[in-house]
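Chemist: The structure's right below; bear with me while I get my questions together.
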Amino acid sequence: MLQPDCPVVNVQIGGVTLTMMPDTGSNITAIRVEDMQKLARRPRILEAADGPTAANGQCMKVIGKFHDSISIGETKITTDIYVLDRLTVPVLSWRACVDLGIIPRNFPRQQINSIATRTATAEDLISEFPAVFDGIVRPMKGEAFSIKLREDAQPFSIKTPRRIPFPLYERLKAELDSLEAQEIICKVTAPTQWCAPIVVAPKKDNGIRMCVDFRELNKYVIRSRYQSQTPLEVVASTDASRAKYFSVVDALKGYHQIPLAKESMHLTTFITPFGRYMFRMAPFGISSISEYYNQRLDDTFQGLKEVRHVVDDCLIATSGEESHVQAVRQFLQRCQDNGVALNKNKFAFCKTQIDFAGFRLSADGYSIDPELMKAVRKFPTPNNITDLRAFFGLVNQVGTFTSDIAEVTASLRPLLSEKNLFQWGDEHQTAFEEARRRLAIAPTLAYYDQRKPTALHTDASRLKGIGFLLKQQQTDGSWRVVQAGSRFISETESRYAMIELELLAVVWATQKCRLFLEGLHEFEIVTDHKPLIPILNSYQLDQIENPRIQRLRAKLNRYVYKARWVKGKDNADADALSRAPVDNPTAQDELGESADFQLTNQLLMHLESAELDPILQSVRQSTASDQELQDLMQYIRDGFPNDKANLPLCIRSFWHVRDKLSVDDGIILCGCRCVIPHAMRKQILTDLHASHQGLHKTKQRARMVVYWPGIDRDIENTVKQCQSCREHLPSQIREPMTTQDQPDRCFQHIHADFCEHAGKKFLVLVDAYSGWPAFCHFGDRAPTYKLINACREFFCQTAVPEKFCADCGPQFKAQPFVNFLRRWGVNIKYSSPYYHQSNGRAEAAVKSIKKIVRGAWDSRLNDLDKDKMAQGLLQLRNTPMYDGRIPSVMVYGHTVRDTLPAHRKSFAKEWKDKVWKMEEKAAEIHAKVHQHYNASKRQLEPLRVGSHVVLQNPVTKLWDKKGVVVEVGRHQDYMVKLVSGRIFRRNRVYIRRCLPQEQLSTTGASQKEGEAQDAPDKPKTAQPRRSQRSNKGVPAPKLHYRKLGEPVNA
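Position in the sequence shown counted from 1, then plus 45, gives you our numbering.
Next comes the structure, spelled out in structure tokens:
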């Protein structure tokens, strides 16, 4: 029962007002069961571990506890509230009384006056709260951070650590030991499904930065999408019109203060040369940690109305000095109670003007930080039409597109015309300064809002510097600038390859815009350097071989972004800033260099002076005497023009690699490859091919160390010129199946071939349409007259064909047989020698007939059993072929009677109705066969008359005969004249193109202007090489085709 003089306060809990007694002797806040039943929001009651003890020593019965907020006026806190049985008065704990401002923060100390409070300094507060500023990372109080993955998550694990430079081994081990001692990480010995790589980069303070690449894990992380305040909302909610005193402080290693849930620890496993580790505290680089961290800090500082934060940057603002010190003490006490560690080196205390989150706060209000638009305000006065166009590009992108800007710049626009003389006067200077002033004032800039689409435009100029603009899309669809910046490049950075310089611009811009970009769901990086896109979007850190690019790329791990390429004209604003930089680079700006860069560079110079590499020294000396490379070196230092046509012809072949070119101690580098002078290229090609490992591997080796325009073509010529390699080339891949003109009736096309068994000759004939086979036994010899008689008898029994297909056997090419076919009106087609598939039907029929011959052969008489042979031939004519057609049905409309029992129904007229179905089914089967066969084949390039070629020996498989194509057939067959004067007829698969000796001798020459880099040599029509046996050259006949049936005279 409450006594009349008992102190009480009215508080809000669960949507209702309760009267409670402040109890400075109580460690818990407690209410009665009937109080809990009054709450508008019924809480979830949790089990309490231990029951409290009353002042008289009695244990009190605990119903449970719940977590909820308690507020008095504008002050609000969140704490555990116990529900006790038989409690007479609801009580507030002494901690709740302090947080609600009921009793002073220094309770139970005696408070004599407020002089000490008013005169407190930052050092006093640091000493008063040592656990907050001692530099030790402790786990924040509260639940652990859990990493939630999508159901379709595919584990990613690497088995071996990335190689670490030996000088960094000890520092990496010390860093791992330090993190392990702070219980941020721990050793892993059990198998894990996830394991990420690390990249180690030295820092300028002689420490290292260890980056764990969680890109693969982040693909499947489910984000909470916690809605946190934007910097503008944070600043605006401080009520800066009444605030006079400000303090700013950063959390120490913010994410590492959050405990990581045990079930999520294995997901953060990473591998090092000293074994595998996993995080016990939340790591940097997890895409969902920033939202969770913001939520935890919001809960921690809930009720402290003077406190605001953007990620781990905290702001305290009050209207009076005394109240400010009190507010800072409350903030630091809350940090101490919840285990939040702060960075004392970034503690700015009780300032009347302060910079926070891109804004400048003072008693007069808040405004954009003037440093953000320094690059715009200090744009230099244009000296020519190019500078003025760059400024107008900035006007179009940064300006508000209002009539006042157009009016101010009206006098400048005539100078943009090339017809007018560029003469800068006082009126131009006045207009320029006014336009520049209006561009940099606040109305030009958009306030930052993290909910709007964000794009970071960057560009780099080798001659000048780097620049960026941070833009956001407005509700009307336009893009407005939030922040801009530019700086000159350092002497070291001026030697960067262009791709390194462009990436440096991106990383430097993200560092300058960190407060706007860190924690965003995603933003866009816009660049006009296309080779940078896959490095930013696709490559893993361990896939990047260039150490500088790898270091720069690792610095982007904390951000979630997507890179997009635009044309240079669409990135004019960033280009203008990069060509007119404002700030000088600081030591912290050289993000592409490691801490030991200068020392390492000096050491290398010392070693080089002691003992120069003789090979590199020869490259350096030869480069110095090569005028083309000296001109190229000048363009690398001064910058390439905007148009390839403005380059000298000898330099144009380097245009497509201009972004990769750099100069190091007199040697031109293309990436990490040495650009070889003309005088050394022939020897380099010889050295490259010393291993005789073939064209592909030779090119691979060259792409590791050396470069010049057209090096791939020169390597191809060198390999082709190698006699040993050329002779042992593998056979060429078979060509796709070609369908010749198909017959549309029986015995229109006949295929023929000879076969032999036990020394006896046999002629096999087959109809191309029906597959009807015929057979003729010739005996020991197969003279031409027997062939003529057999064909005459076959023609009489079946029909006279239109085409007779055969190989190049002497009987088929004999003039009497050719004359016989001509008299009967039959065209003849010859297949290519050693290319059996060109007469495939006859070859297939020979296989089938030879099986019958072997079965009908009488070994005692050493002769053929004619009855068995005839019976077997009848069976073959009634047997379905692979495509389902039956030869006898295709010829007669039904099967013929043989020695097998057959009912009369098997000769019924229904067979005629099935013929067309057989043809349809055969067409489908043929189409599938063609598709399956052609799947692994490719068409070889046709040859022309005069092409220099080499022939493959069909027996030894060596490419050992050189010649010139003198005639082209219709069916991928060619007549090739050898050096000896002999003429061979071969199919395309037995012929390779080769270069004439005079063309091979030009290896190592520079590419002509307009030729593509590393493009394969295109076939050129060349005059045949003169025979060594005769002074008469082989004429290059005109391209023509042989007539069908025309004999070839070898």
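Backbone N, C-alpha and C fix where the C-beta goes; we use that ideal spot for every residue, glycine too.
#1: Run through DSSP, which three-state label would residue 199 get?
#2: Which runs of the beta strand (DSSP E) at least 3 residues long sit entirely within the segment 61–121? Give them in chain order.
#3: Quick check on the burial criterion: 16 or more other C-beta atoms within 10 angstroms. Buried or exposed for residue 652?
#4: Apply the 10 Å Cβ neighbour rule to residue 719 and answer buried if 16 or more other Cβ atoms are within range, or exposed otherwise.
#5: What number of angstroms, rounded off, separates the C-alpha of residue 946 from the C-alpha of residue 924?
#6: Does the Cβ-Cβ distance between residue 634 and residue 512 come in under 9 angstroms?
#7: My guess is that residue 183 and residue 375 are in contact by the Cβ rule of under 8 angstroms, so how many angstroms apart are they, rounded?
#8: Specify, as a first and last residue, the run of the alpha helix (DSSP H) that residue 1015 falls within.
#9: Kindly indicate the opening and closing residues of the alpha helix (DSSP H) around residue 240.
#10: Is residue 426 closer than 9 angstroms to residue 468 when the C-beta atoms are compared?
#11: Per DSSP, residue 292 is paired with what?
#12: Buried or exposed, going by whether 16 or more other CB atoms sit within 10 Å of the CB of residue 906?
#13: Can you give the Cα-Cα distance for residue 266 and residue 369, rounded to whole angstroms?
#14: Going by C-alpha distance, which of 404, 401, 465, 234 is nearest residue 429?
#15: Compare the beta carbon distance of residue 849 and residue 819 with 9 angstroms and say whether it is the shorter of the two.
#16: Between which two residues does the beta strand (DSSP E) holding residue 713 run?
#17: If we count the other Cβ atoms within 10 Å of its Cβ and call it buried at 16 or more, is residue 765 buried or exposed?
#18: Write down the C-beta distance between residue 315 and residue 257 rounded to the nearest angstrom, noting that I regard them as a contact closer than 8 angstroms.
#19: Using C-beta distances below 6 angstroms, list every residue in its chain close to residue 552, excluding the 5 sequence neighbours before and after it, in chain order.
#20: Would you call the segment 810–824 and the segment 905–919 in contact, with 3 or more CB pairs under 8 angstroms?
#21: If residue 322 and residue 380 are in contact, beta carbons under 8 angstroms, what's the gap, nearest whole angstrom?
#22: Got a sec, what are the start and stop residues for the alpha helix (DSSP H) residue 787 sits in?
#23: Can you tell me which residues form a DSSP beta bridge with residue 531?
#24: Run through DSSP, which three-state label would residue 845 get?
#25: With distances taken Cα to Cα, identify the nearest neighbour of residue 833 among 813, 862, 814, 127.
#26: What is the C-beta distance between residue 554 and residue 499, in whole angstroms, given that I count them as a contact (C-beta under 8 angstroms)?
#27: Nearest CA to the CA of residue 406: which residue from 276, 330, 239?
#28: Name, in chain order, the residues that DSSP records as bridge partners for residue 1019.
#29: Report the three-state DSSP secondary structure of residue 647 (helix, strand or coil).
#30: In whole angstroms, what separates the C-alpha of residue 1001 from that of residue 796?
#31: Taking a contact to mean a Cβ-Cβ separation below 9 angstroms, would you say residue 271 touches residue 339 in this structure?
#32: Rounded C-beta distance between residue 1014 and residue 994? I'm assuming under 8 angstroms.
#33: Under three-state DSSP, which class holds residue 385?
#34: In its own chain, which residues sit with a C-beta less than 7 angstroms from the C-beta of residue 680, not counting the 5 before and 5 after it?
#35: From residue 90 to residue 110, what does the alpha carbon distance come to, in whole angstroms?
#36: Cα separation between residue 481 and residue 670?
Modeler: Looking at the atomic coordinates:
#1: coil
#2: 61–67, 74–77, 107–117
#3: Reliability of the predicted coordinates at residue 652 is poor, the pLDDT of 47 falling under 50, and the value obtained from them is presented with this limitation in mind. Exposed.
#4: buried
#5: 15 angstroms
#6: no
#7: With a Cβ gap of about 20 angstroms, residue 183 and residue 375 do not count as contacting.
#8: Premise fails: residue 1015 is in no alpha helix (DSSP H) and is neither H nor E.
#9: That residue, residue 240, is in no alpha helix (DSSP H); it is neither H nor E in DSSP.
#10: no
#11: 361
#12: exposed
#13: 41 angstroms
#14: 465
#15: no
#16: 712–715
#17: buried
#18: 5 angstroms
#19: 597, 600, 636
#20: yes
#21: Actually they do not touch by this definition, with Cβ atoms about 28 angstroms apart.
#22: That residue, residue 787, is in no alpha helix (DSSP H); it is neither H nor E in DSSP.
#23: 512
#24: coil
#25: 862
#26: At roughly 12 angstroms, the Cβ-Cβ gap does not stay under 8 angstroms, so residue 554 and residue 499 are not in contact.
#27: 276
#28: 1013, 1031
#29: Confidence is the limiting factor: at residue 647 the pLDDT is only 47, short of 50, which leaves the residue's position unreliable, though a coordinate-based value still follows. Three-state DSSP puts residue 647 in a helix.
#30: 29 angstroms
#31: yes
#32: Going by Cβ atoms, the distance from residue 1014 to residue 994 rounds to 14 angstroms, so no, they are not a contact pair.
#33: coil
#34: 696
#35: 5 angstroms
#36: 49 angstroms
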